[in-house]
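Numbering (my numbering), first residue to last: 12 to 274. We put the beta carbon where it would ideally sit given N, CA and C, even for glycine. Beneath this line is the structure, given in structure tokens, with notes to follow.
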Amino acid sequence: MILEPKRSYILDLVDFSEDDPLLRFAAYASIVTGISTLLVGFLACCGAIKAERCMVVSFLIFLVFIFFAEISIGVLGILYREKFTGDRMEVYLSNMSHNRYYRDKWVLPLMDTIQFYLNCCGSHSPSDWLSSQWRSSIPPDSLIFDPGSPHLSVPNKSEDEAASTDPANLPIVPDSCCVQMQGATVNNRIARSLIRCQQPGTARLWRHQLGCHERLQHWFNEQTILFAAIGFAFAAFQIIGMCVSVVLWRRINDYLYVDSYER
12 MILEPKRSYI
22 LDLVDFSEDD
32 PLLRFAAYAS
42 IVTGISTLLV
52 GFLACCGAIK
62 AERCMVVSFL
72 IFLVFIFFAE
82 ISIGVLGILY
92 REKFTGDRME
102 VYLSNMSHNR
112 YYRDKWVLPL
122 MDTIQFYLNC
132 CGSHSPSDWL
142 SSQWRSSIPP
152 DSLIFDPGSP
162 HLSVPNKSED
172 EAASTDPANL
182 PIVPDSCCVQ
192 MQGATVNNRI
202 ARSLIRCQQP
212 GTARLWRHQL
222 GCHERLQHWF
232 NEQTILFAAI
242 GFAFAAFQII
252 GMCVSVVLWR
262 RINDYLYVDS
272 YER
């Protein structure tokens, strides 16, 4: 999630929507826990090969810490699922599309990224943009949305359709709401037809129809369940590891005794 561009924007959205963002902390905690598990596994191998009780005890202590870390990760997954089932995220998305998309420069790329990757438009539907500050800021003599900019520019003659100067024909959604051509990226958006995308009542062939809140809600439900399941599953494996390490710790002296006796 942290390194993948298609998912890292979720962390920015969560940071924006809450005073004490714990999702980013949970992501980093998962990485640290995974690396620690590898190191502890190496320690366990050394302790088993050398038959040293001190190393086995150290392994057991580390396992206890990892166990609680993974339990915490699972609990965070459940808490986030409960947190975003309400209307909190819906309110923030509405605020971003209605008020902050035009006003705050950092909201512009965030909202465009959400709409581009989730194939959605607005908080609930494309009509959310009709009453937004972004649309009210459009100059009356402009028609075509300039990709990568919150402002509009006069269309070139090379557009696939001629445009009228009627204000009713002004763009009604940002171009990140438009269905993109293959090869388009979030920073280099290429709509199938920018004119058709901006027409009222256009089909989903040209413009995304679902709201971003619905898409995000579905994504959060899936990911938080997966997050919690992985955390609790690995915690169960740590319990098995702790039991095995206790048995090994109790039997190491027996192995040394047999080895010395045979010599």
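Problem - Residue nearest to residue 203 in terms of C-alpha spacing, selected from 45, 219 and 123 - result: 219
Handout entry: residue 228 beta carbon less than 8 Å from that of residue 74
Key = no
Problem - residue 56 in three-state terms, based on DSSP - result: helix
Handout entry: Proximity below 8 Å, CB of residue 78 to CB of residue 246
Key = yes
Problem - Any chain B beta carbon closer than 8 Å to residue 118 - result: Looking for chain B here will not work: only one protein chain is present.
Handout entry: Entirely enclosed alpha helix (DSSP H) segments - the region 195-249, minimum 4 residues
Key = 205-208
Practice task
Identify, in the order they occur along the chain, each residue of the same chain with its Cβ nearer than 7 Å to the Cβ of residue 81, setting aside the five sequence neighbours on each side.
Solution key: 44, 242, 245, 246 and 249
Exercise for the section: Classify residue 196 as buried or exposed, calling it buried when 16 or more other Cβ atoms lie within 10 Å of its own Cβ. Expected result: exposed
Exercise for the section: Look up residue 185 in the DSSP assignment and say whether it is helix, strand or coil. Expected result: coil
Handout entry: One or two residues paired with residue 191 in a DSSP bridge
Key = 202
Problem - residue 109 in three-state terms, based on DSSP - result: helix
Problem - residue 255, DSSP secondary structure in three states - result: helix
Exercise for the section: Tell me whether the beta-carbon of residue 132 lies closer than 8 Å to the beta-carbon of residue 184. Expected result: yes
Problem - Length of the line joining the Cα atoms of residue 217 and residue 88 - result: 36 Å
Handout entry: At least three beta-carbon pairs within less than 8 Å, the region 251-262 to the region 103-116
Key = no
Problem - Limits of the unbroken alpha helix (DSSP H) element including residue 145 - result: 144-147
Exercise for the section: Pull up the distance between the alpha-carbon of residue 121 and that of residue 84, whole angstroms please. Expected result: 26 Å
Handout entry: Residue environment, residue 10, which counts as buried when at least 16 other CB atoms sit within 10 Å
Key = In this structure the chain extends from 12 to 274, so residue 10 is not present and cannot be described.
Exercise for the section: Can you have a look at residue 192 and say buried or exposed, based on whether 16 or more other CB atoms are within 10 angstroms of its CB? Expected result: exposed
Handout entry: 6 Å CB neighbourhood of residue 92 in its chain, flanking five on each side removed
Key = 235
Exercise for the section: Give a yes or no on whether the C-beta atoms belonging to residue 187 and residue 123 are separated by under 8 Å. Expected result: yes
Exercise for the section: Report the option in 60, 48 and 105 whose CA atom is closest to the CA atom of residue 72. Expected result: 48
Problem - Alpha-carbon spacing of residue 221 relative to residue 55, whole angstroms - result: 51 Å
Practice task
Give every residue of the same chain whose Cβ lies closer than 7 Å to the Cβ of residue 114, excluding the five residues on either side of it in the sequence, and list them in chain order.
Solution key: 144
Practice task
Let me know the secondary structure DSSP gives residue 139 once reduced to three states.
Solution key: helix
Handout entry: Integer-rounded CB distance, given that residue 223 should sit under 8 Å from residue 104
Key = 6 Å
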